[in-house]
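Report on the structure given below.
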DNA sequence: ATTTTGAAGTTGACAGTGTAAACATCGGTG
DNA sequence: CACCGATGTTTACACTGTCAACTTCAAAAT
């Protein structure tokens, strides 16, 4: 009779809420924006009374936090799936991490926005979900360490390289989904992604630069 | 009797509200966080009835937008002040832009947060204040163009370099003020800033990297 | 098979929010 | 000096998050 934490299968009285609530929440974030999403609105769209969510989440923030956790999990797995396909070459794996990060942001902007909305809105993301402690950052760190040990990447430490890499990749993701880079077509955006990683890898120093 | 848009001098019935409201708003953002700030709370702290702000701003969002504009303006001027002191050397000027951007974020985290809270909260930042159209980004672009023309920086275009530069600098700023990089002391944070810019300038490719 | 029981959902209430409309007030202009 | 419009106040409303009391129903216990 134990209700497992990750309860997918149909259960309960009215179907499987909890799950449905998370889905609806994401839907509504896609349509409007994380701030304008209302708990009552979510409940209504789920076809349930306005207080029903409280049987599954202590408060609104907790529901949103679940969306965040789910997003984190999906992001991590999407990156990992791509990594699986290119075992071996450490540098390539590094590139894949960066590209996959940006791709996740562009493919799932709603997830991405809730995930990194931290200080604003009501979404007070728990510390364990902050960038550096996130599994995604840890993955970055692993892959970068591998490169660093092989002398493929240089820097003060793998950690400092990871900071640089995460910064550039995350910053670009924000531009891509928010400022949307002046409506560039998919092709040039793809080129831009690669250009971005290249500029970090090879640097932007010109011939006349000291 | 015209009330100029930027009304600093004391006027009106009850002193100079508008100005005071913006100040109080910023104060309260510093204390709690942009989302939890309430219009009624701002009014109360300004010693005024809860509807008074509506004589100066059409709605809450407009007040917050004014805070954003002010932040943008301060950021721009702080960067410019530092640039004034180092006319001449284009590359140094580029470095100053990046450092000053990060410094602004760290010195005025409240401003920085409202400014880039875009999609979340109620702060729907107008398009004209989005990163790429902001004067700050334009400044980046100018300085980078200068370097690019002199062959000090390389890349597909000044614009693409600016994207990379803004991305890394903005992403790092987020880490610094939000994830706060595990409570590093000021010294190592300073070193980190420089390391960050260096990694973009010189790249992170190691000896064994292709 | 029937009772029991507690989780899941509902209803109604409350304080607090943003905002609008009607009213009050004061300083400068006629 | 009277007026008038900008500035501030009061009252009111719809909506939010959240809580407490109530209902319902499916499975556990008898």
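Protein chains in written order, with this note's numbering: chain A, 1 to 210; chain B, 1001 to 1210. Beta carbons are placed, not taken as given, at the ideal position from N, Cα and C, and that holds for glycine.
Chain B beta carbons: is any one of them nearer than 7 angstroms to that of residue 207 of chain A? Closer than 7 angstroms to some Cβ of chain B, the Cβ of residue 207 of chain A qualifies, so yes.
Sequence-distant residues of the same chain with beta carbon closer than 7 angstroms to residue 1109 of chain B, five excluded per side: If you ignore the 5 residues before and after residue 1109 of chain B, its C-beta comes within less than 7 angstroms of the C-beta of 1177, all in its own chain and listed in chain order.
Residues of the stretch 76-108 of chain A whose Cβ lies closer than 7 angstroms to any Cβ of chain B, in chain order: Residues are counted here when their Cβ sits less than 7 angstroms from a Cβ of chain B; for the stretch 76-108 of chain A these are 91, given in chain order.
Using a Cβ-Cβ cutoff of less than 7 angstroms, which residues in the same chain neighbour residue 1070 of chain B once the five nearest sequence positions on both sides are dropped? The beta carbon of residue 1070 of chain B lies closer than 7 angstroms to those of 1022 in the same chain, with the five residues before and after it left out.
Check distances from the C-beta atoms of the stretch 1191-1202 of chain B to those of chain A and list, in chain order, the residues that come in under 8 angstroms. For the stretch 1191-1202 of chain B, which is checked against every Cβ of chain A, the residues closer than 8 angstroms are 1192, 1195, 1196, 1199, 1200, 1201 and 1202.
Answer yes or no: do residue 1093 of chain B and residue 1136 of chain B have a C-beta to C-beta separation smaller than 7 angstroms? By the CB criterion at 7 angstroms, residue 1093 of chain B and residue 1136 of chain B fall outside the cutoff.
To the nearest angstrom, report how far apart residue 95 of chain A and residue 1190 of chain B are at their CA atoms. Near 28 angstroms, if we compare the C-alpha coordinates of residue 1190 of chain B and residue 95 of chain A.
Does the Cβ of residue 1018 of chain B have 16 or more other Cβ atoms within 10 Å, making it buried, or fewer, making it exposed? Classification of residue 1018 of chain B: buried, given that the 10 Å Cβ count is 16 or more.
With 16 other CB atoms within 10 Å as the buried threshold, where does residue 1081 of chain B fall? Label assigned to residue 1081 of chain B: exposed.
Are the Cβ atoms of residue 1162 of chain B and residue 1034 of chain B separated by less than 7 angstroms? Residue 1162 of chain B is not a Cβ neighbour of residue 1034 of chain B, given a cutoff of 7 angstroms.
Determine, for residue 1027 of chain B, whether the minimum Cβ-Cβ distance to residues of chain A falls below 7 angstroms. No, its Cβ sits nowhere closer than 7 angstroms to a Cβ of chain A.
Please determine whether the Cβ atom of residue 110 of chain A lies at a distance below 6 angstroms from any heavy atom of the ligand ATP. As far as ligands go, the structure on display features none, and thus does not contain the ligand ATP.
Give a yes or no on whether the minimum CB-CB distance between residue 172 of chain A and chain B is below 7 angstroms. True, the Cβ-Cβ gap to chain B drops below 7 angstroms.
Does the beta carbon of residue 153 of chain A come closer than 7 angstroms to any beta carbon on chain B? For residue 153 of chain A, the closest Cβ of chain B is nearer than 7 angstroms.
Can you list the alpha helix (DSSP H) stretches of 4 or more residues lying completely in the stretch 26-107 of chain A, in chain order? 39-45, 60-84 and 90-107, all fully within the stretch 26-107 of chain A.
Under 7 angstroms between C-beta atoms of residue 1222 of chain B and residue 199 of chain A: Because chain B here runs from 1001 to 1210, residue 1222 of chain B falls outside it and cannot be looked at.
Quick one, are the C-beta atoms of residue 24 of chain A and residue 101 of chain A less than 7 angstroms apart? No, the Cβ-Cβ distance between residue 24 of chain A and residue 101 of chain A is not below 7 angstroms.
Nearest candidate by alpha-carbon position, reference residue 28 of chain A, set A/43, A/16 and A/14: Nearest option by C-alpha distance: A/43.
Amino acids of chain A, ordered along the chain, whose beta-carbon sits closer than 7 angstroms to that of residue 1138 of chain B: In chain order: nothing, as chain A lies at least about 13 angstroms away.
Which term fits residue 1077 of chain B, buried or exposed, when burial requires 16 or more other beta carbons within 10 angstroms of its beta carbon? Flag for residue 1077 of chain B reads exposed.
Does the Cβ of residue 87 of chain A have 16 or more other Cβ atoms within 10 Å, making it buried, or fewer, making it exposed? By the neighbour-count definition (other C-beta atoms within 10 Å, threshold 16), residue 87 of chain A is an exposed residue.
Can you tell me whether residue 1050 of chain B is buried or exposed, with buried defined as 16 or more other CB within 10 angstroms of its CB? Burial call: exposed.
From the DSSP output, which residues share a beta bridge with residue 19 of chain A? Under the DSSP definition of a beta bridge, residue 19 of chain A lacks any partner.
Chain-ordered neighbours of residue 145 of chain A on chain B, where CB pairs are closer than 7 angstroms: Result: empty, since nearest Cβ-Cβ is about 12 angstroms, beyond 7 angstroms.
Since residue 206 of chain A contacts residue 1138 of chain B with CB under 8 angstroms, what's their CB separation in whole angstroms? Actually they do not touch by this definition, with Cβ atoms about 21 angstroms apart.
Within chain B, the residues that residue 156 of chain A reaches when beta carbons sit closer than 7 angstroms: The contacting residues are 1195.
Does the beta-carbon distance from residue 1203 of chain B to residue 201 of chain A come in below 7 angstroms? In this structure, residue 201 of chain A lies closer than 7 angstroms to residue 1203 of chain B by Cβ.
Starting from the C-beta of residue 1114 of chain B, find all residues in its chain whose C-beta is less than 7 angstroms away, skip the five residues before and the five after it, and write them out in chain order. Result list for residue 1114 of chain B: 1029, 1034, 1064, 1067, 1068, 1071 and 1123, in chain order.
Is the CB of residue 1160 of chain B under 7 angstroms away from at least one CB in chain A? Chain A, which has a Cβ nearer than 7 angstroms to the Cβ of residue 1160 of chain B, makes this yes.
Which residues of chain A have a Cβ atom closer than 7 angstroms to the Cβ of residue 1042 of chain B, listed in chain order? What residue 1042 of chain B touches in chain A: nothing, since even the nearest Cβ is about 17 angstroms away.
Beta carbon proximity, residue 204 of chain A to chain B, threshold 7 angstroms: Judged by the 7 angstroms Cβ criterion, residue 204 of chain A is in contact with chain B.
If we ignore side chains and look at the alpha-carbon of each, how far apart do residue 1149 of chain B and residue 209 of chain A end up? Roughly 11 angstroms between the two C-alpha positions.
For the putative contact between residue 1171 of chain B and residue 171 of chain A, defined by C-beta atoms under 8 angstroms, what is the C-beta separation to the nearest angstrom? Indeed they touch by this definition, with Cβ atoms about 3 angstroms apart.
Sort out for me which residues DSSP pairs residue 153 of chain A with in a bridge. Paired residue(s): B/1205.
Output the boundary residues of the alpha helix (DSSP H) element that contains residue 170 of chain A. 158-174 is the span of the alpha helix (DSSP H), which, as asked, contains residue 170 of chain A.
State the Cα-Cα distance for the pair residue 192 of chain A and residue 1104 of chain B, rounded to the nearest angstrom. Straight across, the Cα-Cα distance linking residue 192 of chain A with residue 1104 of chain B is about 27 angstroms.
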